[in-house]
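Inspection log for the structure reproduced underneath, given as structure tokens.
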Amino acid sequence: MMKTTMMKLMTKDRQARIFLLDSTALIRELLKKQQLDPVTKEALATTLTMSGLLCGLMKDGQRLSIQVNTSNPLAYIRCDVEANGNVRGYVSDELEGHRAKACNIAELIGNRGFIRVTKDIGMGSMFTSTVDMPYQTIVEDFSHFFRKSEQTETVFRYYSCYNEESEILYSRGILFQPLPFAESELLARWSEWMDQNDHKFRVPDLDAGERGLSDCLLDADLVGVEEMQLFCGCSKEMLVGLLYGLGQDELAEAMRQKQDLEIVCSGCGKKYVYNAKDIVSLLK
7 MMKTTMMKLM TKDRQARIFL LDSTALIREL LKKQQLDPVT KEALATTLTM SGLLCGLMKD
67 GQRLSIQVNT SNPLAYIRCD VEANGNVRGY VSDELEGHRA KACNIAELIG NRGFIRVTKD
127 IGMGSMFTST VDMPYQTIVE DFSHFFRKSE QTETVFRYYS CYNEESEILY SRGILFQPLP
187 FAESELLARW SEWMDQNDHK FRVPDLDAGE RGLSDCLLDA DLVGVEEMQL FCGCSKEMLV
247 GLLYGLGQDE LAEAMRQKQD LEIVCSGCGK KYVYNAKDIV SLLK
């Protein structure tokens, strides 16, 4: 599993928490598994990074499913994150196949997009909240979601860069959240600082480790780190049921021709091959 580390910091005045995540390694690994156009790549990378930052707010055993829906109900981005740092992300078949019909994320989202978050708080209890996306940027819409759904002011920032071949050079995200007793102007002051100093987070060869990232925020103290990793949990046995979608006749023909069948997990892109023996057991 590809792993990375999220830095958890506290402002020196102890009035706000900051999470800083360099998701470059995770995004590189994720995009290897999914053939996407540049705009959809950027949207998936942004959503996974913003979703990954939420791991720092979760309690043991909790899980979040975050879905960014475009104006097309069948075209969406889905990310699942767990308190233990497991993350995964993928796009729907409709979105994967749209092939650069949008010039940017705003066009991709459209004017009827929304974010839906389902929280698994354990013991079979689920809570779902849906909020519109007025900014159509994903990043600002995550902040909007927290204001509307969680009644909590939270600021997100995202820094990324791609080369001419649409390969990710760096992907970094910040979550800044004042604590309940924080002074009223704190959020605005820090938001302005992050915007004026975004060059600190856009250094291509910035050390993604503890020292390199935390040194970007000298007015905050490092209070902890959290390991994160791409994780799907799929298996050959779990996906075998999808073969039924081919129909009995096609399965029988594949068995007669001794033809292998391949299924690709939509969550992580891993391929599973089913041979004639697998098909025989399925047809019984």
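When we follow the working numbering, the leftmost residue of the sequence shown carries the number 7, and every step to the right adds one.
Ideal Cβ positions, reconstructed from N, Cα and C, are used throughout, including at glycine.
Values in this document were obtained by computation on a predicted structure and should not be read as measured data.
Proximity winner among Leu32, Arg20, Thr17, Lys18, relative to Gly179 (alpha-carbon distances): Leu32
Which whole-angstrom value describes the C-beta separation of Trp196 and Ala22, a residue pair presumed to lie in contact below a C-beta threshold of 8 angstroms? 7 angstroms
Please list the segments of the beta strand (DSSP E) lying wholly inside the segment 46-132, counting only runs of 3 or more residues, in order along the chain. 69-75, 82-88, 92-97, 120-128
Who does Met16 pair with in a DSSP beta bridge? Arg23, Asp227
For Lys167: DSSP bridge partner residues: It is Cys, not Lys, that sits at residue 167 in the sequence shown. Paired residue(s): Tyr176.
Going by the beta-carbon positions, is the gap between Ser29 and Gly58 smaller than 8 angstroms? yes
Can you tell which of Leu70, Ser77, Asn90 has its C-alpha closest to the C-alpha of Arg84? Leu70
Is it buried or exposed for Pro186, if we count other Cβ within 10 angstroms and need 16 for buried? exposed
Three or more C-beta pairs closer than 8 angstroms, one from the segment 137-144 and one from the segment 113-128: is that the case here? yes
Which same chain residues, not among the five before or five after Ala226, have their C-beta less than 8 angstroms away from its C-beta? Leu15, Met16, Thr17, Lys18, Ile24, Ser220
Could you tell me how far apart the beta carbons of Ile269 and Leu236 are, in whole angstroms, since I believe they sit closer than 8 angstroms? About 19 angstroms separates the two Cβ atoms, so there is no contact after all.
How far does the beta strand (DSSP E) with Lys277 in it extend, from its first residue to its last? 277-280
Can you look up Leu248 in the DSSP assignment and give me helix, strand or coil? helix
For Val279, count neighbouring C-beta atoms within 10 Å of its own C-beta (all shown protein chains included) and say buried if the count is 16 or more, exposed if not. exposed
Assuming Glu191 is part of the alpha helix (DSSP H), what are its boundary residues? Here Glu191 belongs to no alpha helix (DSSP H), and DSSP marks it neither H nor E.
Residues bridged to Met234 by DSSP? Thr10
Give every residue of the same chain whose Cβ lies closer than 6 angstroms to the Cβ of Ile294, excluding the five residues on either side of it in the sequence, and list them in chain order. The first residue shown for the chain is 7 and the last is 290, placing residue 294 beyond what the model contains.
With respect to the beta strand (DSSP E) encompassing Val270, which residues constitute its N-terminal and C-terminal limits? 267-270
Given a cut-off of 8 angstroms, decide if Val137 and Ile121 are closer than it, judged by their beta-carbon atoms. yes
Is the beta carbon of Gln303 sitting closer than 8 angstroms to the one on Tyr96? Residue 303 lies beyond the range of the chain shown here (7 to 290); nothing can be said about it.
In chain order, what residues of the same chain lie with their CB nearer than 7 angstroms to the CB of Phe207, ignoring the 5 residues before and after it? Tyr165, Arg178, Cys222
Cβ pair Asn75, Gly119 closer than 8 angstroms: yes
Do Gly67 and Met234 have their beta-carbon atoms positioned less than 8 angstroms apart in this structure? no
So which of Thr11, Lys47, Leu26 has the shortest CA-CA distance to Ile174? Lys47
Have a look at Ala108, Glu189, Val161 and flag the residue whose alpha-carbon is nearest the alpha-carbon of Asn78. Ala108
Spatial distance of Lys283 from Glu100 (CA atoms): 32 angstroms
Can you list, in chain order, the residues of its chain with a C-beta nearer than 8 angstroms to that of Ala89? Leave out the 5 residues immediately preceding and following it. Cys61, Met64, Lys65, Asp66, Gly67, Gln68, Arg69
Excluding the 5 residues flanking Met7 on each side, which residues of the same chain have their C-beta closer than 7 angstroms to its C-beta? Confidence at Met7 is low in this model, with a pLDDT of 48, below 50, so the placement of that residue should be treated as unreliable; the coordinate-derived value is given next. So the qualifying residues of the chain are Gln235, Leu236, Phe237.
Where do the N-terminal and C-terminal ends of the alpha helix (DSSP H) with Lys38 fall, by residue? 30-38
In whole angstroms, give me the CA-to-CA distance for Asp204 and Asp255. 58 angstroms
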